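If you read the sequence shown in our numbering, its first letter stands for residue 2, the second for the next number, and so on. Where a beta carbon is used, it is the ideal one built from N, C-alpha and C, also for glycine. Since this is a predicted model, take the numbers as computed values, not measurements.
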Amino acid sequence: MICSLVAIATPNIANGESFIGSVLEKSTSSNVNACFVYNPYIGSTLEGESLKVNSDKFEITEDNKLILKGDVELDFPEGLLKAGKARLDKDNGLITFSGQGNIFLDDFYFGAESGTFNKEDKYIELTNGQAYLNQRGLILNFDKLIGSPEDKMIINDVFMTSCANSEKGWGLKAQEIILDSNTERGLAKNVSIQAMGKTFVKLPYVPFAISEERMSGFLEPSISYSSDGLDFMIPYYKVLSDKSDMTIAPRNIANRGSGIEANFRLAHGLKNNLRNFDLLFFNRDDEFSKQGGGDKTSRWAFKITDTFNLESSKVYIDWSKASDSLVLRDIPGDITNIGEQRKQNLNQSLLVSSKFNNLTIDIGRQGYQALNPILTNGYSRSPFINLNYSKNINGLFFNQLINISKFNSDLSHGYFGYQGSDSYYSRSNRRSY
């Protein structure tokens, strides 16, 4: 989507919607947590060229200041300033404006009723305005802003969101927010986090990232609404090392209760195998209790997947388990990937594969936990052993396969099978070519 957006926006500190549609365009796939397109026209002046000035009227004072009035446009390298009235000090590059000013930079937009801007070092002082951080898609409405987008900015009495309409999404009110471009981090102080226009939690500090780079900090809240009421989650992302990270997300569902989601990832081994652990945990589910699940019954699910080497062997793990067959239907994961709402079973499999010259030995377990409350047999193949011997003798290929498996079912599902039954199966194949 390509557009040139240079219209002057009228401030609206209440909800941050004032410059959506004039400065920002909502993408075609926008939703509650909207994504925006910011493609500003920042003029044609190149580095090293003189400042280009346009206005309806102008005058030069005795102290060599330039006064501009009416549709003022100042085109400077890597940016553009538009205002109703401006005063330009050509000696130091300082611009003082009023009558609603708009500053367009590559990755930032600033709008304010009045302020000053130094085109040389990008230093800004603004009052009663708004800003947009393009790398993170964050909208900020503020009473006062001081600093430089290329260094550090201090913003007072600020409301921050990434939503097209914060009354239907999330918002963060803070007494002060510090944005540091050197560390690419932000810090909000004395914070109230809102969902659907209502305060959800208050915190003394909230650190967050202000770029797309991989770094620790709070991520944008996740908000949804269903028959269970408002579902609100605040993820915190932690970089543990160059090859590992984790995300912890406190979560609250209005009609069910509070819980937590967590994810841990580690790339390891020579081939960067991925170890992944997902967890969903609710200490109590009020709606489940009303349906006869028990007053003190916690609900949870986890999944671990991994692949790693042990000398001549390779280990494969794909193991998931849930507290009950309906937990993933009632509380689907947001940052976790344990199972979909319509998933019928959870894998519970383990395999150790070893190779010794011409012999391959596989020892493992294959099973699942049924998520269909009608089919709760818990079928498993445990253990199983595969012996595969192959050899090429003078162009004649010999292959011997022996498979031994034990099958069992924990519970009868009422249609076929026997509760607690065990059965054994062995097979031997011999082939030559």
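The beta carbon of PHE98 lies closer than 6 Å to those of ALA84, ALA87 in the same chain, with the five residues before and after it left out. For the options SER321, PRO41, ILE156, MET247, the alpha carbon positioned closest to that of ARG266 is the one of MET247. The count of Cβ pairs closer than 8 Å, one atom from the stretch 173 to 181 and one from the stretch 258 to 275, stays below three, leaving the stretches out of contact. One thing to note: SER354 has its Cβ no nearer than 9 Å to the Cβ of GLN367. Counted as a single uninterrupted DSSP element, the beta strand (DSSP E) harbouring VAL192 occupies residues 186 to 196. When DSSP reads this structure, VAL202 sits in a beta bridge with ILE194. For VAL73, the uninterrupted beta strand (DSSP E) run begins and ends at 66 to 77, by DSSP. Collapsing the DSSP output to three states places GLY293 in a helix. The three-state reading of DSSP puts LEU329 in helix, counting H, G and I together.
Rounded to the nearest angstrom, the Cβ distance from ASN274 to THR308 is 4 Å, consistent with a contact under 8 Å.
GLY102 and GLY116 do touch by the CB rule: their CB atoms are close to 6 Å apart, below 8 Å. Cβ neighbours of ASP108 within its own chain (closer than 8 Å, five residues either side excluded): LEU134, ASN135, GLN136, PRO150. Annotated as proximal: ASP144 and ASP158, with beta-carbon spacing under 9 Å. As for any beta strand (DSSP E) of minimum length 3 sitting wholly inside the stretch 82 to 114, the runs are 95 to 106, ordered along the chain. Inclusion of GLY187 and ILE211 in the CB contact set at 9 Å is warranted, their separation being smaller than that value.
Taking the CA atoms as reference points, SER410 sits about 24 Å from ARG330. For ILE43, no beta strand (DSSP E) run applies, since DSSP gives it neither H nor E. Under DSSP, ASP232 forms a beta bridge with SER225, ILE254. As summarised for the stretch 322 to 404, the continuous alpha helix (DSSP H) elements at least 4 residues long and confined to that stretch are 328 to 331, given in chain order.
When ASN284, VAL38, GLU185, ASN277 are compared, the shortest CA-CA separation from GLU214 is found for GLU185. Boundaries of the beta strand (DSSP E) harbouring GLN176: 171 to 181, taken from the DSSP string. Closest in C-alpha terms to HIS269, from the list ILE61, ASP335, LYS244, comes LYS244.
Rounded to whole angstroms, the gap between the alpha carbons of ILE194 and PRO222 is 9 Å.
A straight line joining the alpha-carbon of PHE289 with that of LEU141 spans about 40 Å.
Rounded to the nearest whole angstrom, the C-alpha separation of GLU50 and PRO78 is 7 Å.
If you ignore the 5 residues before and after LEU52, its C-beta comes within less than 6 Å of the C-beta of PHE77, all in its own chain and listed in chain order. Here ASN93 has ASN119, GLU121 as same chain residues with Cβ atoms under 8 Å from its own Cβ, once five neighbours each way along the sequence are excluded.
Here ALA165 is not bridged, per DSSP, to any residue.
The beta carbons of SER324 and ASN373 sit no closer together than 9 Å.
Residue pairing of ARG266 in beta bridges, as defined by DSSP: ASP246, ASN277.
When DSSP states are grouped into helix, strand and coil, ASP287 belongs to the helix group. Taken through DSSP and simplified to helix, strand or coil, GLU60 comes out as strand. When rounded, the separation of the alpha-carbon atoms in ILE68 and SER56 is 10 Å. Between ARG285 and SER299, the C-beta gap is smaller than 9 Å, which places the two residues in contact. Contact annotation, LEU146 with ALA132: C-beta distance approximately 7 Å; criterion of less than 8 Å satisfied.
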